[in-house]
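Peer 1: Residue numbers (my numbering), protein chains in the order written: chain V, 100 to 419; chain B, -16 to 289.
A virtual CB, placed ideally from N, CA and C, is assigned to each residue, including glycine.
Source: prediction; values computed, not measured.
1) Identify the continuous beta strand (DSSP E) that holds residue 196(V) and give its terminal residues.
2) Looking at the structure shown, is residue -8(B) part of a helix, part of a strand, or coil, going by DSSP?
3) Under a CB-based cut-off of 8 Å, is residue 189(V) close to chain A?
4) Please classify residue 196(B) as buried or exposed, where buried requires at least 16 other C-beta atoms within 10 Å of its C-beta.
5) Using the Cβ count rule (16 or more neighbours within 10 Å means buried), how would you classify residue 244(B)?
6) Do residue 364(V) and residue 335(V) have their C-beta atoms within less than 8 Å of each other?
7) Per DSSP, what kind of secondary structure is residue 195(B) in: helix, strand or coil?
8) Is it buried or exposed, residue 12(B), if we count other Cβ atoms within 10 angstroms and call 16 or more buried?
9) When you compare the segment 221 to 233 of chain B with the segment 259 to 267 of chain B, are there three or more beta-carbon pairs, one atom per stretch, that lie closer than 8 Å?
10) Does the count of Cβ pairs from the segment 271 to 285 of chain V and the segment 312 to 321 of chain V closer than 8 Å reach three?
11) Between residue 316(V) and chain B, is any beta-carbon pair separated by less than 8 Å?
12) Alpha carbon to alpha carbon, what distance is there between residue 278(V) and residue 267(V)?
13) Using beta carbons (cut-off 8 Å, strictly below), is residue 204(V) in contact with chain B?
14) Going by DSSP, which residues form a beta bridge with residue 391(V)?
15) Around the C-beta of residue 213(B), are 16 or more other C-beta atoms found within 10 angstroms, so that it is buried, or is it exposed?
16) Within its chain, find whatever has a CB closer than 6 Å to the CB of residue 28(B); leave out the 5 residues flanking it on each side and keep chain order.
17) Closest by CA to residue 308(V), which one among 137(V), 144(V) and 174(V)?
18) Only counting the same chain, and skipping five residues up and downstream in sequence, which positions put a Cβ closer than 6 Å to that of residue 320(V)?
19) Taking only beta-carbon positions, decide if residue 18(B) is within less than 8 Å of chain V.
20) Fully enclosed by the segment 75 to 122 of chain B, which beta strand (DSSP E) runs are 3 residues long or longer?
21) Mind checking the segment 242 to 259 of chain V against chain B and listing, in chain order, the residues whose C-beta falls within less than 8 Å of any C-beta there?
22) Going by DSSP in three states, residue 362(V) sits in which element: helix, strand or coil?
23) State yes or no: is the beta carbon of residue 115(B) nearer than 8 Å to at least one beta carbon in chain V?
24) Looking at C-alpha atoms only, which residue of 116(B), 154(B), 145(B) and 135(B) is the closest neighbour of residue 252(V)?
25) Can you name, in chain order, every residue of its own chain whose Cβ lies under 8 Å from the Cβ of residue 411(V), other than the five neighbours on each side?
26) Hey, how far is the Cα of residue 124(V) from the Cα of residue 48(B)?
27) Mind checking which residues open and close the alpha helix (DSSP H) that includes residue 237(B)?
28) By Cβ distance, which residues of its chain are closer than 8 Å to residue 150(B), with the 5 residues on each side in sequence left out?
29) Under 8 Å, Cβ to Cβ, is there at least one residue of chain V near residue 167(B)?
30) For chain V, check one thing: does any of its Cβ atoms lie closer than 8 Å to the Cβ of residue 23(B)?
31) So, does the CB of residue 80(V) fall closer than 8 Å to a CB anywhere in chain B?
32) Since residue 300(V) and residue 398(V) are thought to touch, with beta carbons under 8 Å apart, how far apart are those beta carbons, to the nearest angstrom?
33) Using the Cα positions of residue 259(V) and residue 279(B), report the straight-line distance between them to the nearest angstrom.
34) Expressed to the nearest angstrom, what Euclidean distance is found between the alpha-carbon atoms of residue 45(B) and residue 173(V)?
35) State yes or no: is the beta carbon of residue 285(B) nearer than 8 Å to at least one beta carbon in chain V?
Now the structure itself:
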């Protein structure tokens, strides 16, 4: 049975819990993740890497259950791993081997015959931007090139799903852009589903169309990126005329009005806010020049979420 | 000079030979065969053997394997050479003599190669890449034991086979010698396999506890010398009858005792194994206990979450 036909859900966890001694890494995590380019977002220590290791079966949960591509990670780990690839966060390459030999070896470990493995290694390294350099020892590679090799070994056996744990770690801005473009291409052009773990909001925004946000091992929020960044965006109003009178009238109607330059910003609750603005503009004889939903970034979503939490949480998440 | 197109125009026929080939270097999905876990384990065995021999590594990595194989074949070349030129003078040189020197070489080989099998994968954090594939931790260890066992087997078997062939060709009647002594080949296989597993399992056990190859090698040599020395000291110091069983803790005495038992020879001289005069199966039990216990501890060590 193919991985595709087993489940429409890519990942499903039920009350997953993982502890290291007295430290709780994942707490009661229940989430269903559809097939998409998924961004696993959270501060350092939020449990992203632990969740990936649990999903790969590299670590065992204390309690709860999880399935990946329809395979139970406890009872069918080997069958599940035939269909997935993994790019770990830390350095994980042997240094005294050439890139071609190592990626070819990893393809063989994934079951490809020797000749096919060598061909696939060359092709995949080329796709990942490692061409002639593939005959050099990995100890001679820069951080960016090593990341590319790590990505190549993760997809050399043509998996259905690839876990990428902080793939842009330690890369310079230009290398980071290249890596993000590469990951986007893997998903959009090559059709390999991606779960990208990152503490960089921009990385996730760049690549993913579904977001799972973790906080201290718990699910903070999850959903399609478009709905997260747009669905709850503020309402921006532009008016000409007696603005103060207009604001007062809106506030009397129970709306919270903020100024942002020449614009007025209202919190969106539901579509009735538009009717209220229209009615107030007529009542106060103020000319309504513009009325639209504000598009939020993932950073806005994250900051809003953090605003609901104690101030010190999420301090490590960068929105660069 | 006519091109294929000219020829086609001239003859009016389409050539079967392609005029040009287009290579699509775009990513393609793999729809070829996937050969499963057995293939993966075998691939890891071959990869480990290559690394153990220093193949596709710097020339310095090849020095120790070359020296080991040189020293492994050196005694047998001496034995066969003495037989060829001195005849009866070399009557006491036999498989027991050979394995006595090979055991020491195997200790050194295991000390150098076992860390090569395991330590780099741990130190360079390669294990998550293996274990995120359809390869269990047991499969990984099996492949590593297989890889080191194969290398140790070549040291334990090939010189002895060379001695057998040398003895056969130097015999007055090579054909009758071969058929009279063909059982020796089975004995060589048995001793070689058991000693390879014995020394390999101890080496891998020690290597599974550290990421540093030099530390693993030093601990291995140190452990063999210290444990054997301690066992020898107790063996000689205690005069009760049960002191004989300390021979089972002397790794080199185990190799001697096992070889003598399988080849049906009696050990002579003042060595620990010769003095202990233990029944052969005791040495087999000692080898089995060491191999099984090492594998169990190693597996438990690798079951720890990375």
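Peer 2: Looking at the coordinates:
1) Unbroken run through residue 196(V): none, as it is neither H nor E.
2) Note that residue -8(B) scores 41 on pLDDT, short of 50, meaning its location in the model is unreliable; the coordinates nonetheless yield the value given after this. Note: residue -8(B) maps to helix in three-state DSSP.
3) Among the protein chains in the structure shown, which are V and B, there is no chain A.
4) buried
5) buried
6) yes
7) coil
8) exposed
9) yes
10) no
11) no
12) 7 Å
13) A Cβ of chain B is located within less than 8 Å of the beta carbon of residue 204(V).
14) 335(V)
15) By the Cβ neighbour-count rule, residue 213(B) is exposed, with fewer than 16 other Cβ atoms within 10 Å of its own.
16) 126, 129 and 130
17) 137(V)
18) Contacts found: 312.
19) Under the Cβ criterion of 8 Å, residue 18(B) is counted among the residues facing chain V.
20) none
21) Going along the segment 242 to 259 of chain V in chain order, one finds 252, 256 and 257 with a Cβ nearer than 8 Å to chain B.
22) strand
23) yes
24) 116(B)
25) A caution first: residue 411(V) carries a pLDDT of 42, below 50, which makes its placement in the model unreliable, though a value can still be read off. Excluding sequence neighbours, residue 411(V) sits near nothing in its chain.
26) 46 Å
27) 234 to 245
28) 63, 66, 160 and 164
29) Closer than 8 Å: no.
30) yes
31) The structure shown has nothing for residue 80(V), since chain V only spans 100 to 419.
32) 5 Å
33) Distance between the alpha carbons of residue 259(V) and residue 279(B): 35 Å.
34) 42 Å
35) no
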